[in-house]
Amino acid sequence: MTSERTYPGVKLAIIALFVSIGGAFNFGYQLVITNPSQDSFIRFLNESLVTHYGADLSIVELENIWSVIVAILFVGAIVGSLQIRFVAEKFGRLKGLIGSFILSTVFLLLSVLSYFADSIELYTISRAILGYTYGLIIGLSGLYLAESSPKRCRGFVSMATGVSVQLGTVIGSVVAMPNMFGTEDLWWLIYAVEALALVVVTIPLIFAHDSPSYLLHKGDIDGARNAIRFFHACGPAAVDEVVKEMKGHMDDEAKTVGMFQIFKEKSALRGTLVGSVITMAMAFSGMPVVDAFAVDILLNCGMDIHAASYGNLLLTMVSVVAIVGSSFVVERFGRRSLLLFSIIAIILTNLAVFALMLAFDLLEFPWIGFTLIAAIALFIVFFATGPGPLCYFVTAELVGQRERSAAQSWNTLIQMISRAVILAAYLPMKNAIGGSFAYLILFVAPMIFAELVIYFYLPETKNRNLKQVQDAIEHLPKLKCGNRT
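Residue numbers (my numbering): 55 to 539.
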C-alpha cells in the first residue's frame with residue numbers, strides 16, 4: 055500500500071510545477087501586463103496607426119480601440135475552451151499541453167516581432183491566438199494534474215494551478231512597471247521573457263508520462279502502470295490496486311462524452327453545473343477587476359500614481375503568499391468547507407470595499423485609500439483559500455472519466471466568458487453609477503447566489519472517488535422544493 059501522506063512525491067511535484075508554470079503562470083502574467091504598461095501600448099497603437107494609415111486619433115478613440123485589443127485575449131480563450139475535449143481525447147492530456155505550449159511560444163515571438171514591425175495588426179493577432187492557447191492550457195492542465203495525482207494529495211497538487219496564476223500576476227506586475235520593461239522602447243521584452251520561460255518548462259515535459267486514467271482508457275495498460283508508478287511513487291502491489299480501482303470506474307465508460315452530450319448525462323451535468331457555479335464565483339468575486347483595474351481603483355480613492363502602483367504590487371504579493379498558504383490547508387479542511395467559509399468572508403470584505411469607496415466619494419479623506427488596500431488584501435486572502443484555486447479542479451472531481459474533458463471544457467468556457475463580461479461591464483458601470491455601487495452590484499449579489507448553490511449542491515470531494523462523491527450527495531442539506539439527484 056502507498057503512504058497516506060497528503061503531499062506529492064518529488065517526481066509528481068516537479069511535473070506539476072512545470073505544467074503550472076507553463077500554463078497557469080503565463081495566464082496570470084497575461085492578465086496584468088497591459089495594466090501598468092498601458093500608456094506605452096497606447097503610444098505603440100497610435101504610432102502604428104499613424105505610420106500605416108495616417109490616422110491621428112484622439113486619446114479617447116485610442117483607449118476604445120485598445121480596450122477591444124485587450125478583450126481579444128478572452129475571445130480567443132473562449133474559442134480555446136471549446137476545443138479542450140477534442141484536443142484532450144485526440145492527442146492526450148500531455149501532448150495537448152505540449153502542443154499548446156509550443157503554439158504559445160510561437161505567438162509570443164510574434165508579439166515581439168510586432169514591436170519591430172511597428173504593426174498593431176500582428177500584435178492583435180498574436181494576442182487572440184495566445185488567448186486561444188490559454189483557454190486550452192487552463193483546461194488541459196487541470197485535467198492532467200487531477201488525473202495524474204493520487205487522490206490523497208490530488209487537491210494539494212491541483213492547487214499548483216491557482217498558485218501559479220497568482221505568482222504570474224506578481225511577476226507580470228513587476229516586469230510591466232514603467233521603471234522595468236513597461237516602456238515604449240522595452241515592452242517587447244515582456245513577451246520575450248515569457249517565451250523563454252515556456253521553452254524552459256516545455257522541454258522536460260516531452261519526457262513525462264500522460265495521465266494514467268487516460269492511458270488506461272486508451273487501452274495502454276503498460277503505459278498506465280508506468281505512469282502510476284511514476285506519479286504515485288509506489289510499488290507493484292499498489293500499482294495493481296490503483297489499476298483495479300481505475301478499471302472499476304471505467305467499466306461503463308466505453309466512450310467519451312461531448313460538450314453537448316453531457317446534457318444527456320444527469321449525474322455529469324449536475325457536477326458540471328455545480329463546478330461552473332464555483333468558477334463563476336471566482337470571476338464574480340471581484341478578483342479579475344482587482345487584477346485589471348486595481349491601480350485605477352486606488353487612484354479614484356485619493357492615491358497618487360506611484361502609491362497606487364506600489365499598492366497594486368503589494369496586493370499581488372499578498373495573493374501569492376495567501377494561495378501558497380492555502381495549499382497546506384485544502385486537504386485538511388476539504389473543498390466544501392473551504393468554499394462555504396471563504397465565500398461568506400468574500401461577501402463581507404466586498405461590502406467593506408464598497409463602504410470605503412463610497413466613503414471616499416462622500417468625504418474624500420486621504421487615509422481611505424490606504425485602508426482600502428488593507429480591505430482588498432484581506433479579500434485576496436479569502437479568495438486564495440476558496441474559489442481562486444479550487445475552481446480549477448473541483449469540476450474534474452465531480453464527474454467520471456468519460457465526461458471529464460467535456461466538463462472541464464465547460465468550466466474553462468464559463469471562466470473566460472465570466473472574465474470577459476466582468477471586464478467589459480465594470481468601467482461602463484463605474485462611469486454610469488459610480489465605482490462603489492458598480493462593485494456592490496457585480497461582486498456581492500452573485501456571491502450570495504454561489505454560497506447557496508454550494509451549500510445545497512456541492513458534496514465533499516476530498517480523498518473520494520466518483521462513487522463516494524455521488525453517495526455524499528444524499529447527505530447534503532435538502533431543499534423542500536425538489537430533489538437534487
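All residues carry an ideal CB built from backbone N, CA and C; glycine is no exception. Since the structure is predicted, the reported quantities are computational estimates derived from the model, not experimental observations.
CB residue 77 to CB residue 156, shorter than 7 Å? Counting from 1 along the sequence shown, the entry for residue 77 is found at position 23. Counting from 1 along the sequence shown, the entry for residue 156 is found at position 102. Taking C-beta atoms as the reference points, residue 77 and residue 156 fail to come closer than 7 Å.
Review point. What is the rounded straight-line gap between the Cα of residue 69 and the Cα of residue 264?
Key: Numbered from 1 along the sequence shown, position 15 holds the residue referred to as residue 69. Numbered from 1 along the sequence shown, position 210 holds the residue referred to as residue 264. Cα-Cα distance, rounded: 11 Å.
- Using 10 angstroms around the beta-carbon of residue 150, count the other beta-carbons present and answer buried if the total reaches 16, otherwise exposed. Reading the sequence shown from its first residue, position 96 is the one you call residue 150. With 16 or more Cβ atoms within 10 Å of its Cβ, residue 150 is classed as buried.
Check your understanding: Does DSSP put residue 448 in a helix, in a strand, or in coil?
Key -> To locate residue 448, count along the sequence shown from 1; it is residue 394. Residue state, collapsed to three classes: helix.
- Would you mind listing the alpha helix (DSSP H) stretches within the stretch 177-207 that are 4+ residues and don't spill past its ends, in chain order? Listed in chain order, nothing qualifies, since the stretch 177-207 has no complete alpha helix (DSSP H) run of 4 or more residues.
Exercise for review: Ignore the nearest five residues each way along the sequence and tell me which others in residue 103's own chain have a CB closer than 6 Å to its CB.
Suggested key: For the purposes of this step, residue 103 is taken as residue 49 along the sequence shown, with counting starting at 1. Cβ neighbours of residue 103 beyond the five flanking positions: 109.
*Candidates 234, 464 and 438: closest to residue 363 by CA position*: Start at 1 with the first residue of the sequence shown, and residue 363 comes out as number 309. Measuring from the Cα of residue 363, the nearest candidate turns out to be 234.
Alpha carbon to alpha carbon, how far is residue 257 from residue 320? Give it in angstroms, no decimals.
Position 266 of the sequence shown, counted from the first residue, corresponds to residue 320. Position 203 of the sequence shown, counted from the first residue, corresponds to residue 257. Answer to the nearest angstrom: the Cα atoms are 41 Å apart.
* For the candidate residues 412, 137 and 253, whose alpha-carbon lies nearest to that of residue 314? -> By one-based count along the sequence shown, residue 314 stands at place 260. Among 412, 137 and 253, the Cα nearest to that of residue 314 is on 137.
Query raised in the report: If you follow the alpha helix (DSSP H) that residue 314 is part of, which residue opens it and which one closes it?
Result: Against the sequence shown, residue 314 aligns to sequence position 260. Segment: none, residue 314 is in no alpha helix (DSSP H) and carries neither H nor E.
Taking 6 Å as the limit between beta carbons, can you name the residues of its chain near residue 229, skipping five residues before and five after? For the purposes of this step, residue 229 is taken as the residue at position 175 of the sequence shown. Result list for residue 229: 235 and 244, in chain order.
* Decide if residue 525 is buried, meaning its Cβ has at least 16 other Cβ atoms within 10 Å, or exposed. => Translated into the one-based positions of the sequence shown, residue 525 becomes position 471. Residue environment analysis places residue 525 among the exposed positions, since fewer than 16 neighbouring C-beta atoms fall within 10 angstroms of its C-beta.
Q: Provide the residue span of the alpha helix (DSSP H) that contains residue 510, from first to last.
A: What you label residue 510 is simply residue 456 of the sequence shown in a count that begins at 1. 499-511 is the span of the alpha helix (DSSP H), which, as asked, contains residue 510.
6 Å Cβ shell around residue 154 - same chain, five flanking residues per side excluded
Residue numbering aside, residue 154 sits at position 100 when the sequence shown is read from its first letter. Excluding sequence neighbours, residue 154 sits near 187, 190 and 191.
Backbone CA spacing between residue 55 and residue 292 [nearest angstrom]: Position 1 of the sequence shown, counted from the start, is the residue given in the question as residue 55. Position 238 of the sequence shown, counted from the start, is the residue given in the question as residue 292. Summary for residue 55: the model assigns pLDDT 40, below 50, so the residue's position carries little reliability; its value from the coordinates is reported in the next sentence. Cα to Cα, the separation comes out at about 5 Å.
Quiz item: What's the C-alpha gap between residue 288 and residue 282?
Solution: Looking up residue 288 in the sequence shown gives position 234. Looking up residue 282 in the sequence shown gives position 228. Taking the straight line joining both Cα atoms gives about 8 Å.
Exercise. Is it buried or exposed for residue 64, if we count other Cβ within 10 angstroms and need 16 for buried?
Worked result: For the purposes of this step, residue 64 is taken as residue 10 along the sequence shown, with counting starting at 1. Per the 10 Å Cβ criterion, exposed.
In the DSSP assignment, the alpha helix (DSSP H) including residue 266 goes from what residue to what residue? Translated into positions along the sequence shown, residue 266 becomes position 212. First-last of the alpha helix (DSSP H) with residue 266: 266-271.
(request) Along the alpha helix (DSSP H) that carries residue 456, what are the first and last residues, could you check? (result) In the sequence shown, counting from the first residue as 1, residue 456 sits at position 402. 455-487 is the extent of the alpha helix (DSSP H) around residue 456.
| query | Using a Cβ-Cβ cut-off of 6 Å (strictly less than) and excluding sequence neighbours within five positions of residue 73, which residues of its own chain qualify? | reply | Within the sequence shown, residue 73 is the residue found at index 19, counting from 1. For residue 73, where only same-chain residues beyond five positions count, the Cβ hits under 6 Å are 195.
Is it the case that the Cβ atoms of residue 383 and residue 227 are separated by a distance below 7 Å? For the purposes of this step, residue 383 is taken as the residue at position 329 of the sequence shown. For the purposes of this step, residue 227 is taken as the residue at position 173 of the sequence shown. Cβ distance not < 7 Å, so residue 383 and residue 227 don't count as in contact.
| task | State yes or no: is the C-beta of residue 450 within less than 7 Å of the C-beta of residue 197? | result | Mapped onto the sequence shown, residue 450 falls at position 396. Mapped onto the sequence shown, residue 197 falls at position 143. In contact: residue 450 and residue 197 (Cβ atoms closer than 7 Å).
*What is the residue span of the alpha helix (DSSP H) that residue 283 lies within?*
Translated into positions along the sequence shown, residue 283 becomes position 229. 275-286 is the span of the alpha helix (DSSP H), which, as asked, contains residue 283.
Query - Spatial distance of residue 472 from residue 397 (CA atoms) - result: In the sequence shown, the residue the question calls residue 472 occupies position 418. In the sequence shown, the residue the question calls residue 397 occupies position 343. Residue 472 and residue 397: Cα-Cα distance of roughly 17 Å.
**Study point:** Beta-carbon proximity list for residue 57, same chain, < 6 Å, skipping 5 on both sides
**Key:** In the sequence shown, counting from the first residue as 1, residue 57 sits at position 3. Confidence at residue 57 is low in this model, with a pLDDT of 44, below 50, so its placement is unreliable and the value that follows should be read with caution. Taken in chain order, the list of residues that qualify is empty.
Check for me: the alpha helix (DSSP H) holding residue 37 runs from which residue to which?
One cannot answer for residue 37 here, as it falls past the ends of the chain, which runs 55 to 539.
Drop a sphere of 10 angstroms on the beta-carbon of residue 464, count the other beta-carbons inside from all chains shown, and report buried for 16 or more, exposed for fewer.
Within the sequence shown, residue 464 is the residue found at index 410, counting from 1. Its Cβ being crowded by 16 or more others within 10 Å, residue 464 is buried.
Less than 7 Å separating the beta-carbons of residue 316 and residue 460? Here residue 316 refers to the residue found at position 262 of the sequence shown. Here residue 460 refers to the residue found at position 406 of the sequence shown. Yes, Cβ-Cβ distance for residue 316 and residue 460 is below 7 Å.
Quiz prompt | Residue span of the alpha helix (DSSP H) that contains residue 523, given as start and end | solution = The count along the sequence shown starts at 1 and reaches residue 523 at position 469. For residue 523, the enclosing alpha helix (DSSP H) stretches over residues 520-527.
Worksheet item: For residue 106, which three-state DSSP category applies?
Response: As a working note, residue 106 is residue 52 in the sequence shown. DSSP, reduced to helix, strand and coil, places residue 106 within a helical segment of the structure shown.
- Helix, strand or coil: which one does DSSP assign to residue 294? Translated into the one-based positions of the sequence shown, residue 294 becomes position 240. Residue state, collapsed to three classes: helix.
(message) Could you give the first and the last residue of the continuous alpha helix (DSSP H) run that contains residue 170?
(response) In the sequence shown, the residue the question calls residue 170 occupies position 116. 147-171 is the extent of the alpha helix (DSSP H) around residue 170.
- Message: Please return the same chain residues whose Cβ sits closer than 7 Å to the Cβ of residue 552, not counting the five positions on each side in sequence.
- Response: This structure does not reach residue 552, given that the chain is present from 55 up to 539, and the question cannot be answered.
So with Cβ pairs under 7 Å, would you call residue 492 a contact of chain C? The chain labelled as chain C is not found in the depicted structure, where only one protein chain is given.
- With 16 other CB atoms within 10 Å as the buried threshold, where does residue 260 fall? The sequence position of residue 260 within the sequence shown is 206, counting from 1. It is exposed - the Cβ of residue 260 has fewer than 16 other Cβ atoms within 10 Å.
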